[in-house]
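All letters in the sequence shown, in the order written, are residues 0 to 237 by numbering that gives the first Met the number 0.
Note that beta-carbon positions come from the ideal geometry of N, C-alpha and C, so glycine has one too.
What follows is one structure encoded as structure tokens, with my remarks underneath.
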Amino acid sequence: MYGVELPAVAVLAYLVISVLTAFDVFFPVIPGEGTLMAAGALTVTGDLEIPLVILAGAAGALAGDLASYQAGARLRGLTGARRSTRVVPGRMRRAASGAVTRALPGRMRRAVPGLVNGWPERFHRHGPLVLVAARLVPGGRTAATLAAGRLAYPRRRFALTELAVDTAWATAATLLGFLGASVLPANLTPERLLLIAEAVLLVVCLTLGVRLWRTRLAYVDALSVGQDGDRDGTTRTG
């Protein structure tokens, strides 16, 4: 019975890895990297396979990045619609602006305005470098992938860049978990290893929560910059 259930459990584990790494782009508090590290630690017991963990993590991350890119492209379309309504004064123009800001969840709405301003030339010239560097900044993956869609960065180039970045990221996180578990005592039981993996996951969650809280002011500043730009544009065109 145990031998029959194990493959199903493994498949479920790979699915969970893919889902968490995908949604990590929209909700940075989700520990996508910590999940890969915990899964990498579990490969020591043979319950999971390193190549499949990497594949699941990279595939999920790529799917999330493409979805975020599409959300940015949608925001670009709504922004274009808003610009076309600037010939209409007052309340209707503000309604168009509200439609843009309501198109995406709160954190994404706050991040995009200040981060997108001034990016077009820089992003199109150094897109791969920006996408790679964004991984090193809390919330950077969300902002960069949204900006790529918002600024009409070539979809094919974006997908190829993110495929390489996500594969490298998933490989590094998985191997880090594997190497960390490999140096543990040889008599470590799977149950104890699972407890250690859960503890690591908890620490990662707490760390991400602290980092997310510290970056909240940056998002608020970005929002204020975007609002100031909208008010200036309204003053000039009103």
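Query: Under the three-state DSSP convention, the category tyrosine 68 falls into; Result: helix
Query: DSSP three-state assignment for glutamate 161, whether helix, strand or coil; Result: helix
Query: Own chain partners of leucine 61 with C-beta closer than 7 Å, once the 5 adjacent residues on each side are dropped; Result: Glu161, Leu162 and Asp165
Query: Integer-rounded CB distance, given that phenylalanine 157 should sit under 8 Å from alanine 40; Result: That belief does not hold up - the Cβ atoms of alanine 40 and phenylalanine 157 are roughly 32 Å apart, past 8 Å.
Query: Helix, strand or coil at glycine 39 according to DSSP, with G and I counted as helix; Result: helix
Query: Glycine 12 versus glycine 138 - alpha carbon distance; Result: Per the sequence presented here, residue 12 reads as alanine, with glycine not at that position. Approximately 25 Å between the Cα atoms of the pair.
Query: Boundaries of the alpha helix (DSSP H) in which valine 18 is found, first to last residue; Result: 1 to 22
Query: Own chain partners of arginine 241 with C-beta closer than 7 Å, once the 5 adjacent residues on each side are dropped; Result: In this structure the chain extends from 0 to 237, so residue 241 is not present and cannot be described.
Query: Cα-Cα separation between leucine 19 and arginine 124, rounded to whole angstroms; Result: 31 Å
Query: DSSP state of histidine 123 mapped onto helix, strand, coil; Result: helix
Query: Residue-level contact to chain B via CB, alanine 72, 7 Å cutoff; Result: No chain B is present in this structure, which holds just one protein chain.
Query: For alanine 132 and glycine 71, believed in contact at Cβ under 8 Å, the rounded distance; Result: With a Cβ gap of about 18 Å, glycine 71 and alanine 132 do not count as contacting.
Query: Element boundaries [alpha helix (DSSP H), containing leucine 145]; Result: 139 to 149
Query: Under the three-state DSSP convention, the category glutamate 32 falls into; Result: helix
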